[in-house]
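Numbering (the working numbering), first residue to last: 1 to 218.
No residue lacks a Cβ here, since even glycine has one placed at the ideal position from N, Cα and C.
Remember, predicted model here, so these are calculated numbers, not experimental data.
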Ligand code: G3P
């Protein structure tokens, strides 16, 4: 399973990349807007840190505009993946980008039929938003289960990129279901390592070891 970091913050990306755990990065207009810097500059800097797919999202609302943006973004770095919204114009742009061999990530997926459409049009990734489904009392992971089954039924090459992950259980469940990728905020990546019993256990080992060291000195 691949781990992507869902952020546009360079400090977070640099820190997570030091672990060697990050296979790629996803950004979106909201994440970019938090950074107060130029979009191109941010994507270039991310590409200099992480050697893996970097999703950069278009903001036009018509297919022509989306394509113009897509080709500009694709020029920034070979690892840029064009993120398109799951709307009709986005799907027109997707068809064209797929034909041109440009890698794509279709975002804001909330139903199996949306993902099926994107896969049929050759999306490289689909991004179902599990946290936002949970927010409105739909079990987000049920969608992931459906997508794994549907893509498997037809041997689609499109990868399921579980997005809007809010906690370690989302990552566990995505892994159990066999999703290809989970993208997560920096905080969730840190939570994956944590368990209170680990901290208590380590504390005890170190305290006991102090006794060994003290006995050696006495
Ligand atoms: O990758 C999509 C993600 O950024 C959305 O997360 O927490 O805003 O639903 P969230």
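Asked                                                                                                                                                                                       : Found
How about the segment 57-66 and the segment 80-90: do they share at least three Cβ pairs that are nearer than 8 Å?                                                                          : yes
Check this for me: beta carbons of residue 147 and residue 133, under 9 Å apart or not?                                                                                                     : no
Output needed for residue 184: all residues of its chain with C-beta closer than 6 Å, excluding positions within five of it in sequence on either side, in chain order.                     : 6 and 165
Below 9 Å between beta carbons: does that hold for residue 66 and residue 180?                                                                                                              : no
What's the call for residue 171, buried or exposed, on a 16-neighbour Cβ count within 10 Å?                                                                                                 : buried
Just the Cα atoms here: how many angstroms apart are residue 4 and residue 122?                                                                                                             : 21 Å
Would you call the segment 95-112 and the segment 32-41 touching, i.e. three or more CB-CB distances under 8 Å?                                                                             : no
In three-state DSSP terms, what is residue 83?                                                                                                                                              : strand
Report the three-state DSSP secondary structure of residue 6 (helix, strand or coil).                                                                                                       : strand
Using only the alpha-carbon positions, how far apart do residue 32 and residue 57 sit?                                                                                                      : 10 Å
Should residue 8 be labelled buried (16 or more other beta-carbon atoms within 10 Å of its own) or exposed?                                                                                 : buried
Return the residue from the list 176, 135, 124 and 149 that minimises the CA-CA distance to residue 159.                                                                                    : 124
Can you list the beta strand (DSSP E) stretches of 3 or more residues lying completely in the segment 32-70, in chain order?                                                                : 54-57
Give every residue of the same chain whose Cβ lies closer than 7 Å to the Cβ of residue 70, excluding the five residues on either side of it in the sequence, and list them in chain order. : 58, 82, 93, 97 and 102
Between which two residues does the beta strand (DSSP E) carrying residue 125 extend?                                                                                                       : 125-128
What residue does the alpha helix (DSSP H) around residue 153 start on, and which one ends it?                                                                                              : 140-153
Any heavy atom of the ligand G3P closer than 8 Å to the beta-carbon of residue 6?                                                                                                           : yes
Tell me whether residue 53, by its Cβ, gets closer than 8 Å to a heavy atom of the ligand G3P.                                                                                              : no
Can you find a heavy atom of the ligand G3P that lies under 8 Å from the Cβ of residue 187?                                                                                                 : no
So, is residue 105 buried or exposed, given that buried needs 16 or more other C-beta atoms within 10 angstroms?                                                                            : buried
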